[in-house]
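Residue numbers (this note's numbering), protein chains in the order written: chain Z, 141 to 272; chain Y, 141 to 272; chain F, 141 to 272; chain U, 141 to 272. Just so you know, even glycine gets a beta-carbon here, dropped at the ideal spot from N, CA and C.
There are 4 protein chains.
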Amino acid sequence: MKLSSATAMLETALAEAQRMGVQVCVSIVDAAAWPVAFARMEGTPLGSIDVCNKKARTAVLFQMDSADFAKIAHPDGHAYSLENTNGGLTSFGGGLVLKTTDGTVMGAIGVSGASTEDDIAIARKAALCLTS
Amino acid sequence: MKLSSATAMLETALAEAQRMGVQVCVSIVDAAAWPVAFARMEGTPLGSIDVCNKKARTAVLFQMDSADFAKIAHPDGHAYSLENTNGGLTSFGGGLVLKTTDGTVMGAIGVSGASTEDDIAIARKAALCLTS
Amino acid sequence: MKLSSATAMLETALAEAQRMGVQVCVSIVDAAAWPVAFARMEGTPLGSIDVCNKKARTAVLFQMDSADFAKIAHPDGHAYSLENTNGGLTSFGGGLVLKTTDGTVMGAIGVSGASTEDDIAIARKAALCLTS
Amino acid sequence: MKLSSATAMLETALAEAQRMGVQVCVSIVDAAAWPVAFARMEGTPLGSIDVCNKKARTAVLFQMDSADFAKIAHPDGHAYSLENTNGGLTSFGGGLVLKTTDGTVMGAIGVSGASTEDDIAIARKAALCLTS
Chain Z
141 MKLSSATAML ETALAEAQRM GVQVCVSIVD AAAWPVAFAR MEGTPLGSID VCNKKARTAV
201 LFQMDSADFA KIAHPDGHAY SLENTNGGLT SFGGGLVLKT TDGTVMGAIG VSGASTEDDI
261 AIARKAALCL TS
Chain Y
141 MKLSSATAML ETALAEAQRM GVQVCVSIVD AAAWPVAFAR MEGTPLGSID VCNKKARTAV
201 LFQMDSADFA KIAHPDGHAY SLENTNGGLT SFGGGLVLKT TDGTVMGAIG VSGASTEDDI
261 AIARKAALCL TS
Chain F
141 MKLSSATAML ETALAEAQRM GVQVCVSIVD AAAWPVAFAR MEGTPLGSID VCNKKARTAV
201 LFQMDSADFA KIAHPDGHAY SLENTNGGLT SFGGGLVLKT TDGTVMGAIG VSGASTEDDI
261 AIARKAALCL TS
Chain U
141 MKLSSATAML ETALAEAQRM GVQVCVSIVD AAAWPVAFAR MEGTPLGSID VCNKKARTAV
201 LFQMDSADFA KIAHPDGHAY SLENTNGGLT SFGGGLVLKT TDGTVMGAIG VSGASTEDDI
261 AIARKAALCL TS
């Protein structure tokens with residue numbers, strides 16, 4: 141994950157959040173789950189900082205979006221308690237795994253602060269930067 | 141959150157608990173979740189100390205009462221595992237977010253040691269200090 | 141350590157700090173190192189919160205003032221690295237162990253935010269509440 | 141600390157590092173030590189991520205540059221072990237406290253990855269954004 145790519149995604153995410161009238165923070169990690177870029181909009185609940193970090197971390201560590209992770213890491217899923225590994229993960233949407241066109245994992249983006257649906261929409265919009 | 145306001149709330153909470161014949165500890169944090177004031181009555185279970193701190197922390201970090209937080213961070217809620225973020229949060233009542241009349245978050249109060257219902261009642265009574 | 145005693149010490153410490161024109165936070169723990177009361181004055185550096193807690197904790201866990209603890213838990217002392225036990229302790233003044241007249245440990249008080257000398261003076265003034 | 145101010149500082153820091161031919165990561169926190177913005181250049185040692193975060197955290201929590209903090213939290217200083225509080229702090233340069241012209245703490249910036257001297261120079265250059 142290049143910093144220039146992460147910065148482009150971050151700017152897109154913030155612009156999209158502003159357009160939607162919501163406040164979020166955004167975290168982008170590389171393929172090894174290490175932070176590359178982060179930003180928090182004014183007015184975002186402080187608890188969202190750790191949440192967006194964990195969403196990105198969840199997505200890259202298990203190579204799946206955090207919304208999909210939620211289906212297996214849930215009391216009713218087949219890997220209940222998986223969410224308690226790796227320092228605590230997030231079993232709900234807003235974390236997207238980022239891959240190259242050939243399927244190689246590049247990293248992940250996590251968005252938190254708005255509704256889960258809006259967080260996902262913002263993350264998806266930002267992820268488009270990588271392929272366009 | 142001024143110390144004088146926190147002290148007034150603390151005294152009200154302790155007086156109310158004494159009137160009700162229960163033992164509690166009370167934690168008050170500022171808008172950034174940093175501790176302002178704390179007190180523990182004799183006889184309060186020691187485990188309640190961390191609980192009241194986390195109730196206050198939960199309320200301010202997500203700008204909602206911990207009883208409302210419980211609805212979304214529950215296995216059947218739409219943000220299951222949210223309680224595992226930010227060092228561990230509390231998904232039950234007794235933490236109230238405190239706001240000014242214009243809606244600005246001032247901080248939060250957490251009460252623990254009695255039944256959840258009593259904890260909530262004591263926290264609400266204390267929170268009245270801010271508006272009276 | 142009764143809450144009424146802790147509250148009296150806390151009020152004395154805050155009044156003394158105000159008289160001296162400094163900002164501090166104050167932590168009082170019982171004989172088992174569990175928090176009894178805490179308060180933070182406006183303007184106290186946020187880092188002092190953990191410091192005053194650790195000063196009180198250090199004093200009660202080793203039944204000596206944190207200034208005396210500093211003499212042994214120092215690279216040049218005979219118990220170097222002792223300060224890294226128990227979740228991290230403080231090897232400088234401002235934490236006082238509190239004893240009854242027969243020498244039984246009642247708890248400890250920790251003060252932080254001003255100079256170490258002022259922190260110690262404030263803690264000593266507060267500790268007088270117990271014997272007067 | 142506004143996100144726009146933090147972003148301006150971040151961009152200045154990255155441009156300065158590029159001009160100097162070094163790789164760094166940069167962390168900016170608000171007055172309550174909560175993250176506002178972060179970026180890591182390609183090639184920066186991964187260990188520097190936590191270092192730049194702790195430099196910024198140290199500076200804001202004790203309202204002094206981390207290079208000054210080093211003087212008191214050193215085994216020969218008067219507050220040895222202070223660096224072990226607040227989850228671990230950094231006793232060397234590269235963290236600058238940021239204040240308004242009237243002395244109010246706005247937050248802090250931490251830079252890590254190059255030599256300590258270069259980290260400090262980059263942080264200082266970035267901090268100029270706030271006053272220009």
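Worksheet entry | Sequence-distant residues of the same chain with beta carbon closer than 7 Å to A148/U, five excluded per side | Closer than 7 Å at Cβ, skipping near neighbours: C269.
Worksheet item: For the segment 168-184 of chain Y, which residues have a beta carbon sitting closer than 9 Å to at least one beta carbon of chain Z?
Response: Closer than 9 Å at the C-beta level to chain Z, one finds these residues of the segment 168-184 of chain Y: A171, A172, A173.
Discussion item. I need the boundaries of the alpha helix (DSSP H) containing C192/U, first residue and last residue.
Written reply: C192/U -> alpha helix (DSSP H) spans 187-201.
Discussion item. For S252/U and V191/U, which I take to be in contact (beta-carbon distance under 8 Å), what is that distance rounded to the nearest angstrom?
Written reply: With a contact defined as Cβ atoms closer than 8 Å, S252/U and V191/U qualify at about 4 Å.
Fill in: Under the three-state DSSP convention, the category L238/Y falls into
Look at L238/Y here: in three-state DSSP terms it is strand.
Practice prompt. May I ask you to list, following chain order, the residues of the segment 200-211 of chain Y that have a beta carbon less than 8 Å from some beta carbon of chain Z?
Written response: Within the segment 200-211 of chain Y, the qualifying residues are V200, L201, F202, Q203.
Fill in: Supposed close pair V237/Z, D205/Z - CB separation, criterion 8 Å
Yes, V237/Z and D205/Z are in contact; Cβ-Cβ is about 6 Å, under 8 Å.
Worksheet entry | Candidates V164/Y, K142/Y, M141/Y, of which the one nearest L143/F by Cα | Looking only at V164/Y, K142/Y, M141/Y, the smallest Cα-Cα distance to L143/F is reached by V164/Y.
Worksheet item: So, do the segment 180-191 of chain U and the segment 209-217 of chain U have three or more beta carbon pairs nearer to each other than 8 Å?
Response: In this structure the segment 180-191 of chain U does not touch the segment 209-217 of chain U; the number of beta carbon pairs closer than 8 Å is below three.
Practice prompt. Can you tell me which of the three DSSP states A254/U falls into?
Written response: DSSP, read as helix, strand or coil, puts A254/U in coil.
Worksheet item: Whose C-beta lies closer than 6 Å to the C-beta of I260/U among residues of the same chain, with five residues either side of it excluded?
Response: Here the set comprises G233, G234.
Discussion item. Counting only Cβ pairs nearer than 9 Å, list the residues of chain U close to I189/Z.
Written reply: Neighbours of I189/Z on chain U, chain order: W174, P175.
Fill in: Proximal residues, the segment 214-231 of chain Z versus chain Y, C-beta separation under 8 Å
Flagged, chain order: H214, P215, D216, E223, N224, G228, L229, T230, S231.
Practice prompt. Note down the Cα distance separating F344/F from S231/F, rounded to an integer number of angstroms.
Written response: Here chain F comprises residues numbered 141 to 272, so residue 344/F is not present and cannot be evaluated.
Worksheet item: Can you name the residues of chain F whose CB is closer than 8 Å to the CB of K265/Y?
Response: Those do not exist, as K265/Y stays about 18 Å from chain F at its closest Cβ, beyond 8 Å.
Discussion item. Please report the distance separating the alpha-carbon of V245/U from that of R264/U.
Written reply: Approximately 16 Å between the Cα atoms of the pair.
Worksheet item: Since K142/Z meets chain U, which of its residues come closer than 8 Å, beta carbon to beta carbon?
Response: Close partners of K142/Z in chain U (Cβ separation under 8 Å): E182.
Worksheet item: Mapping DSSP to helix, strand and coil, what is D205/Z?
Response: Collapsing the DSSP output to three states places D205/Z in coil.
Fill in: Three-state secondary structure assigned by DSSP to S167/Y
Of the three classes helix, strand and coil, the one that applies to S167/Y here is strand, per DSSP.
Practice prompt. Using a Cβ cut-off of 8 Å (strictly closer), state whether L186/Z contacts chain Y.
Written response: Under the Cβ criterion of 8 Å, L186/Z is counted among the residues facing chain Y.
Discussion item. Counting only Cβ pairs nearer than 9 Å, list the residues of chain Y close to K194/Z.
Written reply: S221, N224, T225, listed in chain order.
Worksheet item: Nearest to G243/Z by alpha carbon, out of Y220/Z, Q203/Z, A254/Z, A219/Z?
Response: Checked all of Y220/Z, Q203/Z, A254/Z, A219/Z; the closest Cα to G243/Z is Q203/Z.
Worksheet entry | Cβ neighbour criterion (16 or more within 10 Å) applied to G187/Z | Here G187/Z is buried. Its C-beta has 16 or more other C-beta atoms within 10 Å.
Discussion item. Could you check whether S255/U and L229/F sit closer than 8 Å to each other, using their CB atoms as the reference points?
Written reply: Their beta carbons are not under 8 Å apart, which means L229/F does not touch S255/U by this criterion.
Discussion item. For the beta strand (DSSP E) containing A155/U, name the first residue and the last one.
Written reply: It is not in any beta strand (DSSP E) - A155/U instead sits in the alpha helix (DSSP H) that spans 143-160.
Fill in: Own chain partners of V169/Y with C-beta closer than 7 Å, once the 5 adjacent residues on each side are dropped
Cβ within range, chain order: P175, V176, A196, R197, V200, G247, A248.
Worksheet entry | Contact set between T152/Z and chain Y, taken where Cβ atoms lie within less than 7 Å | Those do not exist, as T152/Z stays about 24 Å from chain Y at its closest Cβ, beyond 7 Å.
Discussion item. Cutting at 6 Å between CB atoms, please list the residues of its own chain near E223/U, excluding the five before and the five after it.
Written reply: Only A213, L229, S231 meet the Cβ criterion.
Discussion item. At the level of alpha carbons, what is the spacing between N193/Z and A155/Y?
Written reply: When rounded, the distance between both Cα atoms is 41 Å.
Worksheet item: For A248/Y, does the three-state DSSP call read helix, strand or coil?
Response: Shown here, A248/Y sits in a strand according to DSSP, grouped into three states.
Worksheet item: Residues in its own chain within less than 6 Å of T241/Z by CB, not counting five upstream and five downstream?
Response: Same-chain partners within the cutoff: there are none.
Item to complete: Verify the CB distance criterion: does T256/F have a CB-CB separation below 8 Å to chain A?
Response: The structure shown has no chain A; the protein chains it does contain are Z, Y, F and U.
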